[in-house]
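Data block below; observations after.
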Amino acid sequence: MNIDVHQLIKRYGPAFDMEIGEYHVLEGDAIGLVGNNGAGKSTFLRLVLDLAKANRGYVLINGRNVADSITWKAFTGSYLDESFLIDYLTPDEYLAFVGQVYGYERAQLHAALDPFRSFYTDEPLGQTTKYLRELSKGNMKKVGLIAAMFIRPKLLILDEPFANLDPRSQIQLKQLLGDLNTDGSTLIVSSHDLLHVTDICNRITIMKSGRIVKDIHATEMSYRELEQFFQDDLMVEEPKAPATYQPA
Amino acid sequence: MMYRALFRHQRQAFFRTKAARRNIVVWVVFGLISLYTVFALVGGGILFADLVAQLDLQKQSALILNEYLLGVFGSLFGLRFLFQRSPQVGLQPYLHLPVPRDQLVRYFQVSSLLSLHNLLPLLFFVPFFMWHVWPYYGLGGSLAWMVSVLMLIVASNYANTLIRLSLSRNDWRFLVGFSLFFFWLILDQVLNTLIVNRMSSMLFDAILEGNWVFLLFIIAAVDLYLLTTTLLKKQVGQGWAGPNVRQPRSALLIPETFRRAPTARLVWLEIVLMLRNRRPKHYMLISIFFSTGYLIFLLLSAQEYAGYLFGAIIGLFASGGFALNYGQLLFSWESSYFDGIITRPFNLRTIVKAKLILLQGSCVLLFILSLPLFLLIRPDLLDLHFAFLFYNAGVTSILMLLLSVNNKQRVDITKSGGFFNYEGFSSAHWLWFIPTALPPVIILYLFESRSDLGLLSIATLGIIGVLAFRLWEHLFATKLMQSRYEMAQGFKRAS
């Protein structure tokens with residue numbers, strides 16, 4: 697399950713452009729994509745998922761251009777935001793729909809959802825009554841994450857999966873992602889939470905102003921390194937203080 | 362001060378919607394429709410006597426109108442229920458502020474009267490009163506009549522709020538009840554029993570003659586205002602949780618038979634979309650109304666086959682109402698989860714196929730639904746109904762799909778589909794009716810003396826369109842492939 701990015705350029709008017717020369721993801725990688733707001737993380741993920749058209753360049757998944765084929769969708773799970781949820785369905789209806797799309801029989805679906813029953817606790821899965829649009833942000837996100845994960849994807853792409861989740865669910869999510877990765881899934885997870893990223897990822901890619909500025913293997917020191925990076929970034933970008941009055 | 366700020370917010374909410382920022386063509390079309398509506402209503406009120414003179418009823422205009430007042434207000438109530446927002450929707454953003462809640466409830470109760478459902482009838486009734494009531498009846502009787510009409514409008518306004526507050530969102534109960542009432546109204550007319558007309562005449566004629574019965578309308582309006590105000594205050598006091606609170610419900614899962622058919626899954630999804638979201642549901646109900654209730658009036662109003670234009674209108678709407686109406690915004694209906702659909706392993710041809718089946722299936726369903734009306738009222742127009750079934754399935758549906766694969770505007774499906782909600786429409790949507798309706802009109806015009814040949818040509822066009830199903834599937838899938846990025850980007854833009 698490889699991803700190869702070649703000379704990828706995406707422009708959104710004069711205010712933003714994203715440019716990634718060469719970037720490769722290897723099978724089994726767990727990549728943490730970090731960067732400040734507006735760094736281009738979500739744009740990059742949208743390009744990988746063929747949700748946006750690149751001005752130049754392309755993304756290959758297992759050697760096939762994502763824009764020209766849909767085969768990669770059969771083994772890719774993703775959740776970027778609420779636009780992935782069909783909000784007038786209940787969680788059960790939505791998960792059943794997703795399961796059917798991937799060819800799950802009812803019994804298979806039931807079994808595939810088992811690892812997630814303690815993750816979604818608003819109502820027991822199988823007995824949900826609220827529509828997705830009636831759920832809290834956190835529960836809505838949990839349903840989206842489950843829908844991306846229960847199909848046991850070979851490639852899993854998530855944007856800010858920890859945001860809006862309560863602490864217990866964050867810990868559970870880390871466990872679930874770790875299990876998937878151990879089973880061979882390749883992960884790309886964008887997050888602002890440096891601690892979570894360093895916990896679950898073996899590789900960390902830092903984006904800034906639409907460019908990949910650092911791509912490192914995660915080690916025990918990664919958290920410090922990341923913290924230092926953003927600390928330095930803060931120093932660079934901190935607006936200069938106005939000149940103070942110096943009495944004669 | 363507070364009331365002024367609230368009023369300003371309501372004004373801003375109206376002018377800052379995406380619909381208010383449409384291009385000039387949309388505004389011109391919108392302006393023309395509004396002007397036409399105003400002229401038609403005011404003109405109808407002033408020229409009522411001339412209009413009904415053709416019917417040779419030998420009665421005073423006011424007495425003729427009195428016969429229909431109860432029936433008309435009853436029917437309009439159905440539209441009001443579908444489209445008019447209830448005041449509690451606007452209340453929520455203010456509840457956490459240090460503003461007396463009684464004051465808020467009072468403001469939203471009174472401002473709800475500014476709805477078009479209340480203002481449009483006045484455009485007709487005020488001129489009618491000035492021209493046809495005031496000059497012919499005494500001061501007391503005339504004023505009592507006008508007050509009764511006004512109070513009937515006010516009472517309808519608050520009765521709508523009352524029903525919405527009491528039913529929560531289980532509006533199907535009201536819709537079933539109202540449909541029964543509406544069909545009784547129609548039966549009353551068709552069977553010529555005219556019970557409603559007689560009751561209406563008795564009531565309003567008496568008011569014109571100075572009977573105190575008009576006080577009943579005032580009492581009803583005031584009581585409904587007080588009752589709904591109390592209910593709103595109570596709900597606000599109990600920490601009303603917004604419009605999304607529902608009773609527990611069980612999952613509506615796709616039948617096992619269709620689980621393996623991807624097209625069926627997408628059709629199922631779209632049907633659930635229609636049933637659970639306000640605006641698509643309104644479009645669906647309006648289509649059914651066109652093919653049933655409104656069709657009855659169309660069929661009854663023409664004494665004989667009245668030419669090409671009439672024929673085309675009946676034919677297009679009897680079986681193609683849904684395709685024409687709902688079909689315009691296909692894909693936009695799914696704008697809030699379009700990303701979620703195209704990242705899943707769906708073949709684009711499957712998506713297109715599901716849309717085509719939905720539109721063509723609706724033509725067949727509406728054809729069956731309206732068939733008894735043709736058989737009962739105008740069996741001589743059965744050939745037209747059949748010919749347009751094919752045209753709507755083979756041409757109208759295709760043209761609507763062609764229009765919709767270019768949709769790039771986000772649509773909030775939870776909003777009402779009523780007046781002034783043109784979210785998702787571009788100038789193409791306004792103009793698209795021309796290529797859809799023009800071919801059958803031209804064909805029927807050319808074959809006016811041999812309508813059988815004209816209808817045969819229309820049916821043939823439709824049959825060719827239906828037979829070319831796979832070609833459309835391929836063409837639209839290719840088009841969808843090309844426009845998917847623009848659609849995904851456009852649908853993400855918030856209104």
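Top line first, the protein sequences correspond to chains V and B. Each residue of the first sequence is one higher than the one before, starting from 697 at the first, in this note's numbering. Each residue of the second sequence is one higher than the one before, starting from 362 at the first, in this note's numbering. Ideal Cβ placement from N, Cα and C applies to all residues, glycine included.
Straight-line Cα distance separating residue j from residue i
i              : j              : result
residue 745(V) : residue 642(B) : 32 Å
residue 888(V) : residue 872(V) : 19 Å
residue 605(B) : residue 595(B) : Because residue 605(B) carries a pLDDT of 45, less than 50, the predicted location of this residue cannot be relied on, and no value is offered for it.
residue 900(V) : residue 726(V) : 8 Å
residue 725(B) : residue 682(B) : 11 Å
residue 506(B) : residue 478(B) : 20 Å
residue 700(B) : residue 919(V) : 33 Å
residue 671(B) : residue 647(B) : 20 Å
residue 733(V) : residue 837(V) : 20 Å
residue 771(V) : residue 822(V) : 25 Å
residue 426(B) : residue 846(B) : 55 Å
residue 629(B) : residue 635(B) : 10 Å
residue 703(V) : residue 825(B) : 47 Å
residue 743(B) : residue 735(B) : 6 Å
residue 737(B) : residue 747(B) : 16 Å
residue 843(B) : residue 764(B) : 15 Å
residue 402(B) : residue 420(B) : 21 Å
residue 493(B) : residue 544(B) : 31 Å
residue 431(B) : residue 577(B) : 14 Å
Sequence-distant residues of its chain with Cβ nearer than 7 Å to residue i (five each side left out)
i              : result
residue 829(B) : none
residue 602(B) : Low confidence applies here, because residue 602(B) scores a pLDDT of 47, under 50, leaving its location unreliable and the question unanswered by this model.
residue 428(B) : 558, 561 and 562
residue 514(B) : 479 and 482
residue 585(B) : 516, 519, 520 and 523
Sequence-distant residues of its chain with Cβ nearer than 8 Å to residue i (five each side left out)
i              : result
residue 574(B) : 564, 567 and 568
residue 879(V) : 848
residue 524(B) : 442 and 535
residue 896(V) : 726, 728, 870, 873, 874, 877, 883 and 885
residue 711(B) : 623, 624 and 627
residue 466(B) : 448, 452, 590, 593, 594 and 597
Neighbourhood of residue i by C-beta distance below 6 Å, restricted to the same chain and skipping five residues each side
i              : result
residue 676(B) : 745 and 749
residue 627(B) : 715
residue 728(B) : 680 and 750
For residue j and residue i, believed in contact at Cβ under 8 Å, the rounded distance
i              : j              : result
residue 690(B) : residue 768(B) : 7 Å
residue 591(B) : residue 519(B) : That pair is no contact at about 11 Å.
residue 406(B) : residue 486(B) : 7 Å
residue 841(B) : residue 709(B) : 5 Å
residue 445(B) : residue 395(B) : Going by Cβ atoms, the distance from residue 445(B) to residue 395(B) rounds to 18 Å, so no, they are not a contact pair.
residue 579(B) : residue 510(B) : Wrong, their Cβ atoms sit about 12 Å apart, outside the cutoff.
residue 785(B) : residue 693(B) : 4 Å
Classification of residue i by the beta-carbon crowding that lies within 10 angstroms, buried from 16 upward
i              : result
residue 716(V) : buried
residue 640(B) : buried
residue 813(B) : exposed
residue 791(V) : buried
residue 482(B) : buried
residue 783(V) : buried
residue 753(B) : buried
residue 533(B) : exposed
residue 706(V) : buried
residue 312(B) : What is shown of chain B runs 362 to 856, which leaves residue 312(B) out entirely.
residue 688(B) : buried
residue 366(B) : exposed
residue 852(B) : buried
residue 804(B) : buried
residue 370(B) : exposed
residue 621(B) : exposed
residue 809(B) : exposed
**OP:** Return the chain-ordered ranges of every alpha helix (DSSP H) run that is complete within the region 772–858 of chain V and spans a minimum of 4 residues.
**Re:** 787–797, 802–809 and 833–845
**OP:** Could you pull out every unbroken alpha helix (DSSP H) segment of at least 4 residues lying fully inside the region 455–522 of chain B, listed in chain order?
**Re:** 462–472 and 477–489
Original post:
Taking the runs of the beta strand (DSSP E) that are 3 residues or longer, which of them lie wholly in the region 902–937 of chain V?
Top reply: 907–913
**OP:** Note down, one range per segment and in chain order, each beta strand (DSSP E) of at least 3 residues found wholly within the region 719–749 of chain V.
**Re:** 726–730
Original post:
Which runs of the alpha helix (DSSP H), 4 residues or longer, sit entirely within the region 536–608 of chain B?
Top reply: 556–569 and 576–598
Original post:
Taking the runs of the alpha helix (DSSP H) that are 4 residues or longer, which of them lie wholly in the region 781–848 of chain B?
Top reply: 788–792, 794–807 and 812–828
**OP:** Enumerate, from N- to C-terminal direction, the unbroken alpha helix (DSSP H) stretches of 4 or more residues contained entirely within the region 665–695 of chain B.
**Re:** 669–686
Original post:
Which full runs of the alpha helix (DSSP H) of 4+ residues lie inside the region 401–450 of chain B, going along the chain?
Top reply: 409–414 and 422–444
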